[in-house]
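Residue numbers (the numbering used here), protein chains in the order written: chain A, 1 to 326; chain B, 327 to 647.
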Amino acid sequence: MTDPVLSVQGLTVEIPGRRGILRPVDDVSFDIAAGEILGVVGESGAGKSMTGNAVIGLLDPPARISAGQVMLKGEPIHTTKGDAIRRIRGKRMGMIFQDPLTSLNPLLTIGDQLTETILQHLDVSEPEARRRAMTALDDVGIPAVEDRIDSYPHQFSGGMRQRVVIALALCAEPEVVIADEPTTALDVSVQAQVLALLKRLCREKGLAVMLITHDMGVIAETADRVAVMYAGRMAELGPVRDVVTVAHHPYTAGLMASTPDASRGEARLRQIPGSMPRLGNLPAGCPFHPRCDRVGEKCRHDPRPDLSVDGGRAACWFPLTEKAET
Amino acid sequence: MSAIVRVRNLSRVFDVSKPWLNRVIERLPKARLRAVDDVSFEIEENACYALVGESGSGKSTIGKMVVGLLPPSQGSVEVMGVDLATEPEGERRVEVRANLQMIFQDPYASLNPRWKVRDIVAEPAVAQGKATDGLAEALLEKVGLSAVDAGKYPHEFSGGQRQRICIARALAGEPKVIICDEPTSALDVSVQSQVLNLMSDLRADLGLSYLFISHDLTVVRHMADTIGVLYLGALIEEAPRDRLFEDPKHPYTQMLFEAAPKMDAFGREIDPPKGEIPNPIDPPSGCPFHPRCPIAVDRCSVDRPELRWIGSTRVACHLAE
Numbered sequence: 001m002t003d004p005v006l007s008v009q010g011l012t013v014e015i016p017g018r019r020g021i022l023r024p025v026d027d028v029s030f031d032i033a034a035g036e037i038l039g040v041v042g043e044s045g046a047g048k049s050m051t052g053n054a055v056i057g058l059l060d061p062p063a064r065i066s067a068g069q070v071m072l073k074g075e076p077i078h079t080t081k082g083d084a085i086r087r088i089r090g091k092r093m094g095m096i097f098q099d100p101l102t103s104l105n106p107l108l109t110i111g112d113q114l115t116e117t118i119l120q121h122l123d124v125s126e127p128e129a130r131r132r133a134m135t136a137l138d139d140v141g142i143p144a145v146e147d148r149i150d151s152y153p154h155q156f157s158g159g160m161r162q163r164v165v166i167a168l169a170l171c172a173e174p175e176v177v178i179a180d181e182p183t184t185a186l187d188v189s190v191q192a193q194v195l196a197l198l199k200r201l202c203r204e205k206g207l208a209v210m211l212i213t214h215d216m217g218v219i220a221e222t223a224d225r226v227a228v229m230y231a232g233r234m235a236e237l238g239p240v241r242d243v244v245t246v247a248h249h250p251y252t253a254g255l256m257a258s259t260p261d262a263s264r265g266e267a268r269l270r271q272i273p274g275s276m277p278r279l280g281n282l283p284a285g286c287p288f289h290p291r292c293d294r295v296g297e298k299c300r301h302d303p304r305p306d307l308s309v310d311g312g313r314a315a316c317w318f319p320l321t322e323k324a325e326t
Numbered sequence: 327m328s329a330i331v332r333v334r335n336l337s338r339v340f341d342v343s344k345p346w347l348n349r350v351i352e353r354l355p356k357a358r359l360r361a362v363d364d365v366s367f368e369i370e371e372n373a374c375y376a377l378v379g380e381s382g383s384g385k386s387t388i389g390k391m392v393v394g395l396l397p398p399s400q401g402s403v404e405v406m407g408v409d410l411a412t413e414p415e416g417e418r419r420v421e422v423r424a425n426l427q428m429i430f431q432d433p434y435a436s437l438n439p440r441w442k443v444r445d446i447v448a449e450p451a452v453a454q455g456k457a458t459d460g461l462a463e464a465l466l467e468k469v470g471l472s473a474v475d476a477g478k479y480p481h482e483f484s485g486g487q488r489q490r491i492c493i494a495r496a497l498a499g500e501p502k503v504i505i506c507d508e509p510t511s512a513l514d515v516s517v518q519s520q521v522l523n524l525m526s527d528l529r530a531d532l533g534l535s536y537l538f539i540s541h542d543l544t545v546v547r548h549m550a551d552t553i554g555v556l557y558l559g560a561l562i563e564e565a566p567r568d569r570l571f572e573d574p575k576h577p578y579t580q581m582l583f584e585a586a587p588k589m590d591a592f593g594r595e596i597d598p599p600k601g602e603i604p605n606p607i608d609p610p611s612g613c614p615f616h617p618r619c620p621i622a623v624d625r626c627s628v629d630r631p632e633l634r635w636i637g638s639t640r641v642a643c644h645l646a647e
């Protein structure tokens, strides 16, 4: 494998509060290589978005990175602040947010927003920036670019807006793109278009993509590797095919079994009892043990397992190693 | 089995014109949006009828008209043989209306934060003038919460628990039909499965009928007996569940199935569907789907296809067979 473009080691985010310190992200490590899509999946409150924000330096105080490091091509960026991180963010790392309407400025034409970003990060003339803006829009499949470049965001449909947001994230030719629920606000047919676009751009431009979503189906179809998060920790990490066919962590298995799937033809859905614990009230031991059907004494009392207990695959004392019968 | 809800030629037109003065100055005609266009279907007793479609297809508008929150522009909704919009006898209206309840998408917005759960759950019974002693507690236990929860406020519950409270409230009126408008889209999958299982159990125990509105094909496939597919306000295909999924007739239905993410499709390379839902204020002529349809012929842009039967499927397409 080539050297990873983005390498995150032991990333921990803390939010100091009146009732003690909360850790929405706790000791998370992963690498993304060029041309690779890492899917990050989990339920609300699992810490997926917080991880993405921490990587790109967008944590809102009082949240802060308290341990671990984020390396971009071997260069630490988690301590970078002010102008320096601003030059990296946008230039070397792009971000795509969930809601395309709120991530575009309604008062500027999309052409202005793109040229502004290009002029900010690349050393080019204004006409050249506009030319590049057109290429960027063309790349993401906006039809009739000459006519649309001077339109305002409200004149675009949701799917087209998300394409503009992707163009905006890619126009400065970044090495890493963090896509936080890029298709959650879109209809399925448009979602398929946007995912196909993301996959194509990732391959063509050799981008390292971190795709954050709650939808296992999207991950299975789009990602190369998948990281499953639970209560701020990495529960499982592996190639997407392996994880989906034989999940090692009972949470991953439960997550997939509770997605309705007619091919299993069951009258009742499998359910994971209870819901994700609140951050201030994490159970001792493995954070998943109160909901787990494979729970043992070790899970309740031993310190929380990390990925190393299952050879870097699942943070579970008793991993499932063969396909559970359905 | 007989139909408990009959929807006949239902249409709803919204006036989306600019204000009067703008229209005069800019010489604009009145703009109308046909949100629901001549939709007919029936919900059998103790069955689950699902409406699927993308945003703007009119699914929620139909739900609102069935429950009586919106009057239809044309057509009728009959519940247990009574048309609520035209029934002259007030008592009969109240009696039938009591059999309808609704569960909404967002469990954070549909519970009054200043009311205790007991009062929220019992409200439909209070409105019907029924006894409410211990009712909330019993219903909360029925939906998998505990009786002590009745004294709490909604903010003390998680999303899935709130949706259970919404279900308990819907049950308090002892309805026969529940209209569920995207009941699980705001929930995480592990919680979604809990709520769907609960809804299936209640249907079996209490003999409920559901009108289940959703955009999620996997959920619909799990829950529904019969599925109607909507596009731009019109019903374009309707079939029993298994038949629809095994043999979709309409090109739009086929496109929807193809586009839905699948668990076993690693790195699937598909040609994503072309185009988007057109502007409903200015819909295409002929078949509303023809600009995106891969098999469209000249006739499709002129002639609007009517629903016709092919076996047990009703489909609105000239070319389907």
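Using N, Cα and C, we set each Cβ at its ideal position, and we do this for glycine too.
No experiment lies behind these values; they were computed from the predicted model shown.
Quick check: the Cα distance between residue i and residue j, rounded to an integer number of angstroms?
| i | j | result |
| --- | --- | --- |
| M391/B | I562/B | 19 Å |
| Q454/B | E415/B | 17 Å |
| E564/B | A530/B | 24 Å |
| A298/B | S611/B | Only positions 327 to 647 of chain B appear in the structure, and residue 298/B is not among them; the question remains open. |
| D187/A | S381/B | 7 Å |
| A220/A | M210/A | 14 Å |
| L645/B | P617/B | 15 Å |
| D150/A | M160/A | 14 Å |
| Q271/A | Q520/B | 6 Å |
| M134/A | P143/A | 11 Å |
| Q193/A | R419/B | 47 Å |
So for residue i, helix, strand or coil by DSSP?
| i | result |
| --- | --- |
| V403/B | strand |
| Q431/B | coil |
| Q454/B | coil |
| D384/A | Residue numbering for chain A in the displayed model covers 1 to 326; residue 384/A lies beyond these limits and cannot be assessed. |
| E325/A | Reliability of the predicted coordinates at E325/A is poor, the pLDDT of 44 falling under 50, and the value obtained from them is presented with this limitation in mind. Three-state DSSP puts E325/A in coil, outside helix and strand. |
| D139/A | helix |
| Q340/A | Nothing about residue 340/A can be reported from this structure: the residues present for chain A run from 1 to 326 only. |
| Q271/A | coil |
| Y152/A | coil |
| Q489/B | helix |
| P566/B | strand |
| A314/A | strand |
| Y578/B | helix |
| G20/A | strand |
| W441/B | coil |
Anything in chain A within Cβ reach of residue i, meaning under 7 Å, just list it in chain order.
| i | result |
| --- | --- |
| Q520/B | Q271 |
| G486/B | S275 |
Return the residue from the list the options that minimises the CA-CA distance to residue i.
| i | options | result |
| --- | --- | --- |
| N523/B | S258/A, T213/A, A231/A | S258/A |
| P345/B | L354/B, F615/B, R338/B | L354/B |
| K199/A | S44/A, R86/A, A179/A, P62/A | A179/A |
| L528/B | R488/B, K468/B, A586/B, S472/B | K468/B |
| I369/B | P398/B, S399/B, V333/B, V623/B | V333/B |
| T252/A | A196/A, A227/A, R161/A | A227/A |
| Q9/A | I88/A, S66/A, C202/A, L269/A | S66/A |
| V555/B | L465/B, S535/B, F583/B, A457/B | F583/B |
| G312/A | V55/A, S29/A, V5/A | S29/A |
Run through chain B and tell me which residues come within less than 8 Å of residue i, C-beta to C-beta.
| i | result |
| --- | --- |
| R268/A | N523, S526 |
| H214/A | D514, V515 |
Would you say residue i faces chain B, with C-beta separation under 7 Å as the test?
| i | result |
| --- | --- |
| E204/A | no |
| V188/A | yes |
| G280/A | no |
| E43/A | yes |
| T109/A | no |
| T102/A | no |
Kindly say whether residue i, judged by its beta-carbon, lies nearer than 7 Å to any beta-carbon of chain A.
| i | result |
| --- | --- |
| A586/B | yes |
| V378/B | no |
| D608/B | no |
| E602/B | yes |
| H576/B | no |
| H481/B | no |
Just the chain A side, please: which residues come within less than 9 Å of residue i by C-beta, in chain order?
| i | result |
| --- | --- |
| E415/B | Near E415/B there are no residues of chain A at all, since even the closest Cβ is about 41 Å away, more than 9 Å. |
Cβ closer than 9 Å: which chain B residues qualify as neighbours of residue i?
| i | result |
| --- | --- |
| E217/A | Per the sequence presented here, residue 217/A reads as Gly, with Glu not at that position. Per Cβ cutoff of 9 Å: T544, A586, P587, K588, M589, A591. |
Nearer than 6 Å: is that true of the beta carbon of residue i relative to any heavy atom of the ligand FAD?
| i | result |
| --- | --- |
| A451/B | No copy of the ligand FAD appears in this structure; indeed no ligand is present at all. |
Shorter than 7 Å from the beta carbon of residue i to some beta carbon of chain E?
| i | result |
| --- | --- |
| Q193/A | Absence of chain E from the displayed structure is noted, the protein chains being A and B. |
Please compile the residues from chain B whose C-beta is within a distance smaller than 7 Å of the C-beta of residue i.
| i | result |
| --- | --- |
| G254/A | S516 |
Please list the partners that residue i has in chain A, where partner means a Cβ-to-Cβ separation under 8 Å.
| i | result |
| --- | --- |
| R569/B | Those do not exist, as R569/B stays about 13 Å from chain A at its closest Cβ, beyond 8 Å. |
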